[in-house]
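Have a look at the structure below before the remarks.
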Amino acid sequence: MRNIPLFETFILVVIGLEAIMLVSFDIFTPRSDFYQLMAGIMPQGGWGLLCFLALFCQAIGLLGNIPIFRYVGLGISGVFFACLFFINTFEFPNLMSGITLSIAIFCFISWSFVRDTDLVRWDKKHVLGTDEDEA
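Every number in my numbering is 6 more than the matching position in the sequence shown, counting from 1.
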């Protein structure tokens, strides 16, 4: 059994928290130029659904050992954090710009580290409920 990919797990948690925040709370207030720029690209619910799509793809990819879902999830997460970087840099440059840029870059770099995880082991005996020794 291989080690759990820690960066992908970290991104899974962060993008999940972003999705919950964007869907649950009305954070796109008119007095914030940062959120108005985001709303100009897509409504708040659209950003939340984008984060949920990334969360779903990464979770299915990790648990089901399906690399294409992991690539798609990391790609969506990378694009999301790149958007946050550009919007934050042009509106209110601070440390968060560097953090979101780093996360976006590492999302794309981690594509080269996608490989089999075997996080969930599916044995024929457990799935079918049969014992190969009996046959």
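Backbone N, C-alpha and C fix where the C-beta goes; we use that ideal spot for every residue, glycine too.
- With a cutoff of 8 Å on beta-carbon distance, Cys63 and Phe86 are scored as not near each other.
- Residue range Asp39 to Ile47 is occupied by the alpha helix (DSSP H) that includes Asp39.
- A straight line joining the alpha-carbon of Arg121 with that of Arg76 spans about 9 Å.
- Given a length threshold of 3 residues, the segment 61-114 has no whole run of the beta strand (DSSP E) inside it.
- The Cβ-Cβ distance between Gly67 and Cys113 does not fall below 8 Å.
- Note that the C-beta distance between Ile47 and Tyr41 is not below 8 Å.
- Within the model, the alpha-carbon separation for Leu18 versus Ala65 is close to 7 Å.
- In this structure, Ala25 sits near Leu61, with a CB-CB distance shorter than 8 Å.
- The beta carbons of Val29 and Gly51 sit about 7 Å from each other, so the pair counts as a contact at 8 Å.
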